[in-house]
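Notes to accompany the following structure.
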Amino acid sequence: MFAMPRQGFVFLATTKTASTAIENAFALPASVAFRHPPALKHMNVRRFHRQVAPILAGLGHPPGSYDVVCIVREPIGWISSWYRYRSRGRIASSPKYTGDLTFEEFAEQVMDGQIRLGCMEAFVRAPQGGNGVTRMFRYDRLDSAVAWMARRAGLAKPVLPHVNVSPSRDLVISRSVRLRLEEHLAPHAELYESAV
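Each residue of the sequence shown is one higher than the last, beginning at 5 in my numbering.
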């Protein structure tokens, strides 16, 4: 998460959406940047309004004077990125390790709540309800998101480095499980479809 309120935007870092690369490109000129721990780096809209927006308001940047933006990834791609990320050998001793699961098994465990990845609808939900993000960019249009942020920041458009790249994994899933997963992720898909 970083804030550039003088330039008119705050970036909320959704997981598995190149947020580390984006932060690497923009955090230095930002007025405020939270990169660690993950709970601050990936703060949701409600936490932002509760903890950071009052600080920005005290500095002369009230809510409404800046856009709150984030990146939204296609839901199945988001789930598969988590699956691959959690299969890294260096976390093999962690209970979150997925290297011993097939993608279908992982999807089943996501749907039944054994594996918790967060919820995109909850991430963007405003304290008073509804969507608290003023501009959502699609992950598959990341280049336009970076260009928009660079224009707002008055910077040359950066080339994002590849960081936190997950290992390749077989993503085979049966049609029936995929259909159930799509239904499970339907609210996330609606957000994705509404993003620019």
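Glycine included, each C-beta is placed from N, C-alpha and C at the ideal position.
Asked                                                                                                                  : Found
Alpha carbon to alpha carbon, how far is N168 from F99? Give it in angstroms, no decimals.                             : This sequence places Pro at residue 99; Phe is not what is there. Computed Cα separation, rounded: 20 Å.
So M8 is in the beta strand (DSSP E); what residue range does that whole segment cover?                                : 6-8
What does V73 pair with, by DSSP beta-bridge criteria?                                                                 : F15, R139
Assuming contact is defined by CB atoms lying nearer than 8 Å, are L195 and V114 in contact in what I supplied?        : no
Going by C-alpha distance, which of R10, A96, V181 is nearest L63?                                                     : R10
Taking the alpha-carbon positions, what's the R184 to A190 distance?                                                   : 10 Å
So the alpha helix (DSSP H) E78 belongs to, where does it begin and stop?                                              : Segment: none, E78 is in no alpha helix (DSSP H) and carries neither H nor E.
Under three-state DSSP, which class holds R173?                                                                        : coil
Thinking just about the alpha-carbon of each residue, which of E112, G134, M124 is nearest to the one in I177?         : E112
Would the segment 75-84 and the segment 135-154 be scored as touching if the rule is three or more Cβ pairs under 8 Å? : yes
Candidates P41, S69, R90: which alpha carbon is nearest V14's?                                                         : S69
In this structure, does DSSP put V163 in helix, strand or coil?                                                        : coil
Compute the Euclidean distance between the alpha carbons of Q118 and G81, then round it to the nearest angstrom.       : 19 Å
Quick one: Cα of V36 to Cα of T21, how far?                                                                            : 20 Å
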